[in-house]
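Some notes on the structure that comes next.
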Amino acid sequence: MFSEEIKDFLLEESVNRFLKYVQVWTTSDDLSQSNPSTENQFELGKILAIELKELNLENIIHDDFGYVYADLPASSGLEEVRRIGLIAHIDTSQAVNGKNVKPVIHKNYDGGTIKFASSKDIKLTVEDSPILKDYIGLDIITSEGDTLLGADDKAGIAEIMAACSAWRNFPELKHGPITICFTPDEEVGKGTLNINKKRLPEICFTMDGSEMGELEFECFDAWKATITFTGFSVHPGYAKNLLINAAHIASRFLSEIPEQESPENTEDREGFYYVTGFKGEVEEAKAVLILRDYVEENNEERMNFLKKLKELYEIRYPGLKIDLQFEHQY
């Protein structure tokens, strides 16, 4: 077991580093063709590379794709222990603004409503997030309410960096050889696109979980599906048997996807379809989905389902064109 001194050190170190990292803008962009998808991800990578050097890690690389690698030598006598890897991702989701983040610490959370400085209308309650009940008496960190906080996954980065700092400051914490890897573009499904597998050991753990104590040692088989519907626009006064409303048909198409296989209706190792974007007009509509499962064959079945649905709809609506593209993400 850790001493109280080490526990206090880890808590202070991880919080201080987290507060620093979330203020660095690292939003990724799923429309970008660059690698990484945004230049700003390099900024946090530079900071981490410098800090890893200060913590006496070796073989530090911050490559042209935004990945950061470093090796922590084993404690004396443990050089032959099997090497493991610790991984976290630098980017944050583009779903909410991630620029100019101002973290707020809510001290000694009492189980009540958490309020946000940016707006009186924004609040967080136990009803919204039942897991808050498990953290009564602890400090809760949020944004001011007008930005993303970025805990996904800067909390993971802070955990790893705090651990590296503890290993340096408390040599009694014995360990084998460890490789650190920070990746870009996880939020847009490209976290491993340009990863250098030769720099990683066979066994790695990802710090990108939920509650304290969780580790990830497995990931989804991940696919992206882009579906483009091309219709035919006609004045509604003369539309009968002529108009092909791409937006209307696309919404029907998407409603055919099994509702029980959606993120809101699945858990644990259950896979899903997830519509992440939709834009539609009469002449053209476009939907973007991600397909996730731990079993590759299940995703193959989902892709076949979409292919058959495409064929069915092109028969059902003569003149309609559907382009269906799949991209294997990781």
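Mind the numbering: the sequence shown is residues 17 to 346 in my numbering, read in order. Each residue gets a CB set at the ideal place from its N, CA and C atoms; glycine is no exception. In this text the structure is predicted, and so the values were computed from the model without any measurement.
(1) Enumerated in chain order, which unbroken segments of the beta strand (DSSP E) with a length of 3 residues or greater are wholly contained in the region 261–296?
(2) Please determine, among GLY247, ASP46, GLN110, the residue with the shortest C-alpha to C-alpha distance to ILE260.
(3) Let me make sure I understand the geometry here. Which of LEU88, LEU258, HIS105 has the alpha-carbon closest to that of VAL97?
(4) Helix, strand or coil: which one does DSSP assign to LEU345?
(5) Using a Cβ-Cβ distance under 8 Å, would THR244 count as near chain B?
(6) Report yes or no: do the region 178–189 and the region 40–60 share at least 3 C-beta pairs separated by less than 8 Å?
(7) State the beta-bridge partners of ARG308 as determined by DSSP.
(8) How big is the Cα-Cα spacing for TRP239 and ASP24?
(9) What would DSSP say about LYS1, mapped onto helix, strand or coil?
(10) Taking the alpha-carbon positions, what's the GLU20 to ALA303 distance?
(11) I'd like to know whether the C-beta atoms of ALA263 and LEU322 end up nearer to each other than 8 Å.
(12) Within 10 angstroms of the Cβ of ALA178, are there 16 or more other Cβ atoms? Answer buried if so, exposed if not.
(13) Would you list the residues sitting across from CYS220 in a DSSP beta bridge?
(14) Could you name the residues that DSSP lists as bridge partners for SER135?
(15) CB-CB under 7 Å to VAL250, same chain, minus the five flanking residues each way: which ones, in chain order?
(16) Which same chain residues end up closer than 7 Å to LYS131 when comparing Cβ atoms and leaving out the 5 residues on each side of it in sequence?
(17) With a cut-off of 8 Å, do at least 3 Cβ pairs link the region 55–75 to the region 145–165?
If we stick to the structure as given:
(1) 288–296
(2) When only C-alpha atoms are compared, the closest one is GLY247.
(3) LEU88
(4) Just to set this straight, residue 345 is Gln in the shown sequence, not Leu. Looking at GLN345 - three-state DSSP - the assignment turns out to be coil, as it is neither helix nor strand.
(5) Structure shown: chain B not included; a single protein chain is present.
(6) no
(7) ALA238, PHE288
(8) 42 Å
(9) With the chain represented from 17 up to 346, any question about residue 1 goes unanswered, as that position is not in the structure.
(10) 52 Å
(11) no
(12) buried
(13) In DSSP, CYS220 forms a bridge with GLY101.
(14) Under DSSP, SER135 shares a beta bridge with PHE132.
(15) Taken in chain order, the residues that qualify are LEU258, LEU259.
(16) Only residues of its own chain outside the window of five on either side were considered, and among them LYS139 have a CB closer than 7 Å to the CB of LYS131, listed in chain order.
(17) no
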